[in-house]
Structure formats: structure tokens, C-alpha cells
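From first to last, the protein sequence lines stand for chains A and B.
Note that this note's numbering numbers the first sequence so that position 184 is 186, with each residue one more than the last.
Note that this note's numbering numbers the second sequence so that position 92 is 94, with each residue one more than the last.
Comments concern the structure below.
There are 2 protein chains.
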Amino acid sequence: MRFATLPDGSPDGRLHLISRDNAFAVAAEACTTLQSLLENWDALIPHLEAQSSALNSGQAKTAFSFEPTSALAPLPRAWQWLDGSAFDSHGDLLASVFGFDAKQGNPDTILMYQGISDRFLAPTETAVFPREDDQIDFEGEFGVMVDKVPMGVSPEQAGRHIRLLVQINDWSLRAIGPHEMKTGFGVLRCKPRCSMAPVAVTPDELGASWRDYRLDIDLAVDFRGERFGAANGYAMSAGFDRLVAHAAYSRDLVAGTVIGSGTVSNATYREVGSSCIAERRGIEILDHGQASTPFMRNGEYVRMEARLPGGQPLFGAIDQTVSVL
Amino acid sequence: MRFATLPDGSPDGRLHLISRDNAFAVAAEACTTLQSLLENWDALIPHLEAQSSALNSGQAKTAFSFEPTSALAPLPRAWQWLDGSAFDSHGDLLASVFGFDAKQGNPDTILMYQGISDRFLAPTETAVFPREDDQIDFEGEFGVMVDKVPMGVSPEQAGRHIRLLVQINDWSLRAIGPHEMKTGFGVLRCKPRCSMAPVAVTPDELGASWRDYRLDIDLAVDFRGERFGAANGYAMSAGFDRLVAHAAYSRDLVAGTVIGSGTVSNATYREVGSSCIAERRGIEILDHGQASTPFMRNGEYVRMEARLPGGQPLFGAIDQTVSVL
């Protein structure tokens, strides 16, 4: 099943079911918001499945053409956003360039911080930042949304609470990050609001490409007129089941918690490219002694879209322009 | 003005006005929740002031006795909780014991992380943790609640958005913290849900004890049958105006954002005591080479209350028992 949220003047927007080809939308009948669905998943989902079947077979009388650029984030605001960093090639590269090993020598360490979630930017919303000198960067990620998760669940139990998959752009201000990380208090000012691609999907929409709680699909990033990267999501060192269990160690997770993968990255980054500028700059430093790709400037834009292996649309595209205050 | 939230079965509870002596309550007429008040402060506050005046002069017909132990947190859930660490004697002590200077040699550094806020525990709610071995500790703090704050405000502008003051217990799992801090991703699993004292107050309730955006009152902490600490809130190296402006550097702050002071601590800690166990243990290590005060055990409780200099009640008390899963 696929979901999108269209604006209706309220902070949570109006939940819609989206057809499997992302071409048609119909207002969900069983509930009005994605948050309320995640709070009451088991009771509501049979009704939504019936409505979704009708939509996919052309029987939904009130269906209309879905225009992804008019959508909000599927979850326009969330009570909790926890972002991991599960692609080791990303961390290893930055560690070798900057001499800082976040995992402290233990490959089993899970890295995660809590970020701003009172609003997720819409997929085509302009992203506003204080200034260019903060080194504005995008970060292409995947994420999951869970229903209510009890404190202390095992990874196996945690996996059963993963209800929806999403695609995220986790904006970063790179000039601020290293200082915040050295304090031990972690990232805050270097992490402005994220955006989400327009469509959230149930894991079965990925078929065999959802396995081991990882998304085995490529995240295409287009920037400055070229394919900047197309890294695959399967390379996570810990799957989303482990990320959810990690987060739930000392807290139950409120329904609608969003958990991110961290920047999608592959060890073959010289071939597949990168999902953020910082990684490409790291490669440049390794290869040429200095970075040559500038961070984003006022007015520049980035596009990110992960499709199914056959090319069919999935989450829709994030396509955002940067604006400086 | 004083506010408390009483349970009504909804996640946000029912907003009440509280009399100046914390003895009487009356349901707020102009709005039903503290979140809605903070979203529309300027329009609603004149109505609430009139109702509060009636309550304080014994003219509120529907007033009833206020029982603080029946209250929820004034804001039972918030879209954003950002906790600072503005008492330098706390950081300096831990730095000298553990050899880690969070401020990295720059006294102007502001330390802050984003914590869990989908629910704040009620003031007398049992606090549930995974296990004793994680070194369960309380942290007595003060905090502020703001209305909507634009990105990029100056400290002077930020100060005008501070609408309410609160008292907080920021629970910590000390065995987990140092490792999380070393990763640079910051504190997450070591920071379970916080609790709040029952009454939120407007700054004018403190009279001359609210100055320079700091609370010049003592936070009395009672633990294991003794006065564990009574540190004063004025010693913040950065006032709440600066903490709010720091938080708003690259994000506008949603109305109802809660910003914490960090553990209240004074350089005279050997005389006034401490607001957390970790600090006392640090003093013991400095003085005797080893710590002797154990962290909290299953079934132990802690009480925290800050009153006005004349002894009049202010926020009411946090009085919580620890329970291990």
C-alpha cells in the first residue's frame, strides 16, 4: 500500500491512498492522518487495504490524478525522529579523511541521534538556511516508520513494528558538525529540518527488494546537471530491525517515530557515487589531496529518487532548492 | 500566572489555572491545553489573566482544591525538548574527574542536545528503566517554554519569547553516557523521558528572582533521608535568552519548545550539595580518590522542589520512584 498526505490547511494534512503506479490518489476513508493510522494500525489497515484494492483496480469513484509536487511529507510532523548512520563506507571514508572514528573501534556500535521533527519539509519545499558559509549539504537516506514499540524489544520483535518505508533528505550544515560532535552533546545546529519524498509505502511494495530489513534499491541523486550518486540501500551494517531495537533500549517508541538509515553509501563509491557532498569531497581529498566540489550555494537544487529495480516509481522524488536567509 | 494540566483521558490533558498559593485550580476557559495557549499566547493571555485574577481573589465560582500529586506534566508532550548544560561548575567538576572538557577550551561554547519529548512523565509518576547496572541518576533542572521563535533571533529577541518557567527532572543512565558522547552523535539511550513539576509559571511569578533570564532560587533535592542539594539557579554561564537563541540558529522553534538549563550546580558544591548523584560522586573522587554514593536502586525515590525565597510554593514538587523492568 502507498500513502501520501495532501495539504488541507491543518498541520497534519489529509491522508490519501496512492495507486501502485503513483498516478492516482483517493482520500483515505478509515482515518484522516498518517499519525492516526500509525497509532491504530491493526484496526485500520483492513479497511485501507480494501480501499487500496479498489483504487488499484480502477474502482475508486472519488479517485483523482496524483500530483506528487503538491504533496506534503507523508508525515508532516512526528513526535520523534531518530537518525542512524548505518552505512559503514560513509563513516569509514569520513574517518580516514578527518581522523575521527565515531564507532570507537567497535564495528557493532550503532550510531544514532534525535533530530528535529516538529515539521518535515515537503518534497519540493525550498530549504532555508542561515548562510552559505555553514557548508550546506544534502544527505540522501531511507527511513522507516513504526507503530508503538515497547521498551526493551529484541531486533526480531522490533522488525514487526516497521509499518512504512520512506525516503528522506537529511539536510546538514557541515561547518558546524565537527565542533558539535567534539562536545559530546552531538549534532543540533548542524541538523536543520529534513524533507521526505511524497509517498510512504508498506514494505511489501518492494517485493524481494525489502530483505533483511534493508532496502535493496538504488537512491539516484542528481545535482549540478549530473548523476551525483546511485548508491544501494542494502549495505547497512545494521538493518532497520536493529536500529529500532537500539532506539527502544530505554524508551518505548511513540507510534509514528521515524528512524533513518543515515546517508546511503557503498564501498564502491568511486563507481556508484555519493548521496552527499561531504563524501565526494572526502574521496577528492583521498585521491587528490584536496576537495574540489563546493557545498551548495543559494539557489542550487538537488533531486533524489529511488525507484524499484524495474524502474517503476516508488517514493516519488525529493526536489529541493536552497535559499539563504 | 500559574498553570497545571490535569488528566482528562487525552494525551494533552486539560489546562487549569492555579492560584498563587498553589491551593486552588480552575479549568482554563480561553483554551483547553497548554500547547494551544503557547501557539496563540498574545490573543489568549488577556482572557486568562482576567480568569486568574478572579481565582486569586476568591471569585472563581468553579474553582476547586488543587491536588498537585494528581497533575500531569504541565506540557504532557512537546514537539521539541532541547536540553542545555549551562552550569559550568557541573561540567568543570565532571571534566576534572573524567578528563573530558565538553566545551573544548572555549568558555562561550553552548552545550545542547535534543531529547525525547513525545511524553513528559507526571511529577509523581514512577520512572521505569531497563536495569540498575545502567547507573540510574536524577538531574534537577530548570526550563523555559517558548512561543514560536523565528530562525536567527538575537538573544535579546529570544528572551521575549520565553513565556513560562518549569522545573524538570532529567533522568540519566550514567553507564551509557560516556560511550554515546565519544561517538560524537551524542546522548540518546542514556536519556530516558524527563518529568516536570506540576506547575508552570509566568516569569513575573518569580518577581526579582527572575533576572538576567535566570532563576535566582534554590532547587532543594531530597534523597535517602537527607537534603542532597540546594543549588541556586542563577549560576548559569549563559542565560535562557542565549540558550533559546542558540537553539534557533538554523531552525525556527515550534511553539511549546521546552529548553532546559542542564543540572543546577554551584561552584560551592561542597556547601550547597548537588542536583545529581554523578556530581556528588565526582566530588568524592576528588576528595577521597573514589566514589561512595551509589546510583539509584529499584524502589528508591527522589524529591525535588524549588520554592520562592520566602518559602512560598512555586512549581510544586517532583517526587518519583524508580522501577526496573
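Even for Gly, the Cβ is constructed at its ideal location relative to N, Cα and C.
Range covered by the beta strand (DSSP E) that runs through residue 31 of chain A: Reading the first sequence from its first residue, position 29 is the one you call residue 31 of chain A. For residue 31 of chain A, there is no enclosing beta strand (DSSP E), as DSSP marks it with neither H nor E.
Residues in the segment 140-162 of chain A having any Cβ partner in chain B nearer than 9 Å: Of all residues in the segment 140-162 of chain A, those with a C-beta nearer than 9 Å to a C-beta of chain B are 153, 154, reading in chain order.
Contact list for the segment 121-135 of chain B against chain A, Cβ threshold 8 Å: Within the segment 121-135 of chain B, the qualifying residues are 121, 130, 131, 132.
Beta-carbon proximity of residue 232 of chain B to residue 168 of chain B, cut-off 8 Å: Within the second sequence, residue 232 of chain B is the residue found at index 230, counting from 1. Within the second sequence, residue 168 of chain B is the residue found at index 166, counting from 1. When the beta-carbon positions are compared, residue 232 of chain B and residue 168 of chain B stay at least 8 Å from each other.
Beta strand (DSSP E) runs wholly inside the segment 11-72 of chain B, at least 3 long, in chain order: Counting only runs of 3 or more, we get 16-20, 26-29.
Inter-stretch contact at 8 Å, needing at least 3 Cβ pairs: the segment 72-92 of chain A / the segment 106-116 of chain A: They touch, by the three-pair rule.
Any alpha helix (DSSP H) of 4 or more consecutive residues that is wholly inside the segment 119-203 of chain A: With a minimum length of 4 residues, the continuous alpha helix (DSSP H) runs that stay inside the segment 119-203 of chain A are 157-161, 179-184.
Interface flag, residue 212 of chain A vs chain B, CB-CB below 8 Å: Here the question's residue 212 of chain A lines up with position 210 in the first sequence. With 8 Å as the cut-off, residue 212 of chain A does not count as an interface residue toward chain B.
Interface partners of residue 81 of chain B on chain A, CB under 8 Å: In the second sequence, counting from the first residue as 1, residue 81 of chain B sits at position 79. Per Cβ cutoff of 8 Å: 79, 81, 119, 120.
At least 3 beta-carbon pairs within less than 8 Å: the segment 191-207 of chain B vs the segment 182-193 of chain A: Contact between the segment 191-207 of chain B and the segment 182-193 of chain A is absent, with fewer than three C-beta pairs closer than 8 Å.
Per-residue DSSP class, three states only, for residue 253 of chain B: Stepping through the second sequence from its first residue, residue 253 of chain B is reached at position 251. For residue 253 of chain B, the three-state secondary structure derived from DSSP is coil.
Proximity below 8 Å, CB of residue 74 of chain A to CB of residue 124 of chain A: Taking the first sequence and counting its residues from 1, one reaches residue 74 of chain A at position 72. Taking the first sequence and counting its residues from 1, one reaches residue 124 of chain A at position 122. Remark: C-beta atoms of residue 74 of chain A and residue 124 of chain A approach each other more closely than 8 Å.
Straight-line gap, residue 215 of chain B to residue 240 of chain A (C-alpha atoms, nearest Å): In the second sequence, residue 215 of chain B corresponds to position 213, counting from 1. In the first sequence, residue 240 of chain A corresponds to position 238, counting from 1. When the Cα atoms are used, residue 215 of chain B and residue 240 of chain A turn out to be separated by approximately 44 Å.
Boundaries (first-last residue) of the beta strand (DSSP E) holding residue 305 of chain B: On the second sequence, position 303 is the one that residue 305 of chain B refers to. Run containing residue 305 of chain B: 303-308, per the beta strand (DSSP E) assignment.
Cβ shell of residue 4 of chain B (< 6 Å), same chain only, five flanking positions each side left out: Mapped onto the second sequence, residue 4 of chain B falls at position 2. Scanning its chain for C-beta atoms nearer than 6 Å, with the 5 sequence neighbours on each side dropped, one finds around residue 4 of chain B the residues 20, 201, 203, in chain order.
8 Å Cβ cutoff, residue 298 of chain B in contact with chain A: Taking the second sequence and counting its residues from 1, the one referred to as residue 298 of chain B is at position 296. No - not a single Cβ of chain A is within 8 Å of the one on residue 298 of chain B.
Same chain, Cβ closer than 6 Å to residue 236 of chain B, neighbours up to 5 away in sequence not counted: Within the second sequence, the letter at position 234 stands for residue 236 of chain B. The beta carbon of residue 236 of chain B lies closer than 6 Å to those of 216, 218 in the same chain, with the five residues before and after it left out.
Test: residue 195 of chain A CB closer than 8 Å to a CB of chain B: Looking up residue 195 of chain A in the first sequence gives position 193. With 8 Å as the cut-off, residue 195 of chain A counts as an interface residue toward chain B.
Interface residues of the segment 236-265 of chain B facing chain A [CB-CB below 7 Å]: Taking 7 Å as the upper bound on Cβ-Cβ separation, chain A lies near residues 251, 252, 253, 256 of the segment 236-265 of chain B.
Proximal residues to residue 280 of chain A (C-beta, below 6 Å), its chain only, five neighbours per side dropped: Locating residue 280 of chain A in the first sequence gives position 278, counting from the first residue. In its chain, beyond the 5 residues on either side, 139, 176 have a beta carbon closer than 6 Å to the beta carbon of residue 280 of chain A.
Chain-order list of residues whose beta-carbon lies under 8 Å from that of residue 95 of chain A (same chain, five-residue window excluded): The residue labelled residue 95 of chain A in the question sits at position 93 within the first sequence. Beyond the five residues adjoining it in sequence on each side, residue 95 of chain A comes within less than 8 Å, by CB distance, of 267, 271, 281, 284, 285, 288 in the same chain, given in chain order.
For residue 317 of chain A, the three-state DSSP class (helix, strand or coil): Counting from one through the first sequence, the residue named residue 317 of chain A turns up at place 315. Correct three-state label for residue 317 of chain A: coil.
Residue 220 of chain A: first and last residue of the uninterrupted beta strand (DSSP E) it sits in: Locating residue 220 of chain A in the first sequence gives position 218, where the first residue counts as 1. Element bounds for residue 220 of chain A: 220-225.
Min CB distance residue 303 of chain A to chain B below 8 Å: Sequence index remark: in the first sequence, residue 303 of chain A carries index 301 (1-based). Not flagged as an interface residue toward chain B: residue 303 of chain A, since no C-beta distance is shorter than 8 Å.
For residue 325 of chain A: DSSP bridge partner residues: Here the question's residue 325 of chain A lines up with position 323 in the first sequence. DSSP lists A/130 as partners of residue 325 of chain A.
Min CB distance residue 102 of chain A to chain B below 8 Å: Taking the first residue of the first sequence as position 1, residue 102 of chain A is located at position 100. Yes, its Cβ sits closer than 8 Å to a Cβ of chain B.
Minimum Cβ-Cβ distance from residue 111 of chain B to chain A less than 8 Å: What you label residue 111 of chain B is simply residue 109 of the second sequence in a count that begins at 1. So, interface residue.
Identity of the residue in A/149, A/11, A/134, A/8 nearest residue 47 of chain A by Cα: Walking along the first sequence from the start, residue 47 of chain A turns up at place 45. When the alpha-carbon of residue 47 of chain A is set against those of A/149, A/11, A/134, A/8, the nearest one is in A/149.
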